[in-house]
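Notes for the one structure printed next.
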Amino acid sequence: MPARSRDFVLPDQHGRHAVVTGANSGIGFETARRLAQSGAEVVLAVRDAARGAEAVRRIRAAHPGAAASVETLDLSVLESVAAFARLLLDRDRPLDLLVNNAGIMAVPTRHTTADGFELQFGTNHLGHFALTGRLLPLLRRGDAPRVVTVSSIAHRTGRIDFDDLQSERSYRPLGAYGRSKLANLLFARELQRRSDRNGWGLLSTAAHPGSTLTNLQSTGPNLGTDRQGRGLGGLLMALPGMSQQPDRGALPTLYAATSPDATAGGYYGPDGVFGLTGGPAPAGSRRTADDEQVAARLWEVSEQLTHVRYDRLSAAT
Ligand SMILES: NC(=O)c1ccc[n+]([C@@H]2O[C@H](COP(=O)([O-])OP(=O)(O)OC[C@H]3O[C@@H](n4cnc5c(N)ncnc54)[C@H](OP(=O)(O)O)[C@@H]3O)[C@@H](O)[C@H]2O)c1
321 MPARSRDFVL PDQHGRHAVV TGANSGIGFE TARRLAQSGA EVVLAVRDAA RGAEAVRRIR
381 AAHPGAAASV ETLDLSVLES VAAFARLLLD RDRPLDLLVN NAGIMAVPTR HTTADGFELQ
441 FGTNHLGHFA LTGRLLPLLR RGDAPRVVTV SSIAHRTGRI DFDDLQSERS YRPLGAYGRS
501 KLANLLFARE LQRRSDRNGW GLLSTAAHPG STLTNLQSTG PNLGTDRQGR GLGGLLMALP
561 GMSQQPDRGA LPTLYAATSP DATAGGYYGP DGVFGLTGGP APAGSRRTAD DEQVAARLWE
621 VSEQLTHVRY DRLSAAT
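Here the sequence shown stands for residues 321 to 637, where the numbers follow my numbering.
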């Protein structure tokens with residue numbers, strides 16, 4: 321029986337080398353902060369270097385001596401993903417933990433990434449798919465290496481429509497987000513299966529933070545508008561009991577990233593009512609998230625779209 325949050329104490333992380341995407345704010349920041357506090361050497365992979373430097377400053381101020389550094393990574397630009405991976409590959413330091421956390425939600429009108437993908441699917445899923453594949457050689461040399469991919473309760477609303485993956489025919493802000501989050505969960509489980517088949521040695525887990533007040537409720541919804549702030553969804557979330565703060569929201573991710581009880585392909589979220597708040601516990605997922613045929617097809621399409629082929633990149637040099 322996996323421990324619940326009341327029992328969950330982050331294991332010592334000294335000697336572990338971790339990358340957390342989107343670590344300058346919200347759940348990613350808290351994940352990076354707690355990992356660094358517990359002794360891990362953490363690379364904050366962020367798209368805005370100044371915001372990343374400020375996050376590192378805050379971590380070091382809270383935990384003097386914490387080993388946190390920042391590198392630039394824009395998941396909506398495949399060349400940026402490749403450059404980030406090249407940097408780490410050049411350093412040649414085995415990677416023990418990759419947290420695929422960054423995300424954008426509910427962009428009101430269809431936007432695209434630098435490579436022409438719908439922005440949410442392209443950033444949340446394809447960017448992390450490419451990143452994980454490119455970092456695989458370092459992960460394979462890690463100590464009990466883990467990959468955590470952050471999904472959402474919203475995966476339940478998503479549909480993998482292979483005829484319109486980029487929402488060119490029909491775009492719905494939350495539909496595209498739900499698709500990207502279902503893809504995150506399908507990816508996490510398919511990664512575990514492929515790792516098992518190919519001997520990559522990974523533990524692939526997934527997590528969701530329930531309902532957590534962060535910039536997620538403003539960055540995407542305000543994109544391309546002159547609005548600021550969180551809007552109606554954010555106001556509803558701020559009602560008592562409807563959400564939690566990022567330090568709590570990060571617990572399922574931290575559990576998936578460090579707990580000895582986390583299982584292969586496991587999915588963790590808050591244990592409160594409707595999974596909105598609470599401490600980390602196994603989370604339910606929609607049946608499609610376990611559909612191996614959909615997962616395998618999505619993997620192949622993702623390889624074609626990103627030009628990242630795991631079998632060619634998996635060499636543990
Ligand atoms: N908050 C919730 O209730 C909730 C619920 C379910 C799932 N989630 C998931 O939790 C994860 C973290 O979100 P959050 O709530 O902590 O929101 P957040 O505070 O907005 O953090 C998201 C992070 O992702 C980064 N990001 C966005 N686009 C990026 C790109 N193209 N390249 C690199 N980084 C990018 C953001 O960078 P900038 O600061 O530069 O924008 C930010 O650091 C996401 O995957 C989200 O889907 C959150």
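Beta carbons: idealized from backbone N, C-alpha and C, even for Gly.
Note that this is a predicted model, so its numbers are computed, not measured.
Measure the beta-carbon distance from residue i to residue j and round it to whole angstroms, keeping in mind my assumption that it falls under 8 Å.
| i | j | result |
| --- | --- | --- |
| Tyr497 | Ala474 | 6 Å |
| Leu502 | Gly540 | Contact flag wrong, Cβ pair sits at about 17 Å. |
| Ala615 | Leu456 | That pair is no contact at about 18 Å. |
| Pro331 | Thr578 | 5 Å |
| Ser500 | Gln440 | 5 Å |
Please tell me whether, using a cut-off of 7 Å, the distance from the CB of residue i to the nearest non-hydrogen atom of ligand 1 is below it.
| i | result |
| --- | --- |
| Leu552 | no |
| Leu536 | yes |
| Arg367 | yes |
| Thr638 | Residue 638 lies beyond the residue range present for the chain, which begins at 321 and ends at 637; the question has no answer from this structure. |
| Leu458 | no |
| Ser358 | no |
| Ser472 | yes |
| Met425 | yes |
| Asp394 | yes |
| Arg430 | no |
Can you find a C-beta in chain E that's less than 8 Å from the C-beta of residue i?
| i | result |
| --- | --- |
| Pro602 | No chain E is present in this structure, which holds just one protein chain. |
Count the other CB atoms, across all protein chains shown, that sit within 10 Å of the CB of residue i; report buried if there are 16 or more and exposed otherwise.
| i | result |
| --- | --- |
| Gln624 | exposed |
| Ser358 | buried |
| Asp416 | buried |
| Thr626 | buried |
| Ser531 | buried |
| Leu407 | exposed |
| His269 | Because the chain spans 321 through 637 in this model, residue 269 falls outside it and cannot be assessed. |
| Thr637 | With a pLDDT of 48 at Thr637, under the threshold of 50, the modelled position of that residue is not reliable, and no figure is offered here. |
| Arg632 | exposed |
| Leu574 | buried |
| Arg353 | buried |
| Gln565 | exposed |
| Arg492 | exposed |
Which residues does DSSP pair with residue i in a beta bridge?
| i | result |
| --- | --- |
| His528 | DSSP, once it has assigned bridges, lists no residue as partnering His528. |
| Ala402 | In DSSP, Ala402 forms no bridge with anything. |
Can you tell me which of the options puts its alpha carbon nearest to the alpha carbon of residue i?
| i | options | result |
| --- | --- | --- |
| Tyr587 | Leu523, Gly549 and Gln537 | Leu523 |
| Ala584 | Thr469, Asn344 and Arg617 | Thr469 |
| Arg413 | Leu355, Thr597, Arg606 and His337 | His337 |
| Leu536 | Asn444, Thr433 and Ala450 | Asn444 |
| Gly549 | Thr534, Pro560, Ser563 and Gly561 | Thr534 |
| Gly553 | Gly521, Arg367, Ser538 and Gly595 | Ser538 |
| Leu596 | Thr545, Gln613, Arg378 and Ala570 | Ala570 |
| Arg377 | Ser389, Arg367 and Val366 | Ser389 |
| Phe349 | Gly598, Thr452 and Gly372 | Gly372 |
| Ser622 | Gly342, Gln565 and Ile480 | Ile480 |
| Glu438 | Ala403, Tyr630 and Gly495 | Gly495 |
| His448 | Ser605, Glu399 and Thr341 | Thr341 |
| Arg380 | Leu355, Ala402, Gly589 and Ser634 | Leu355 |
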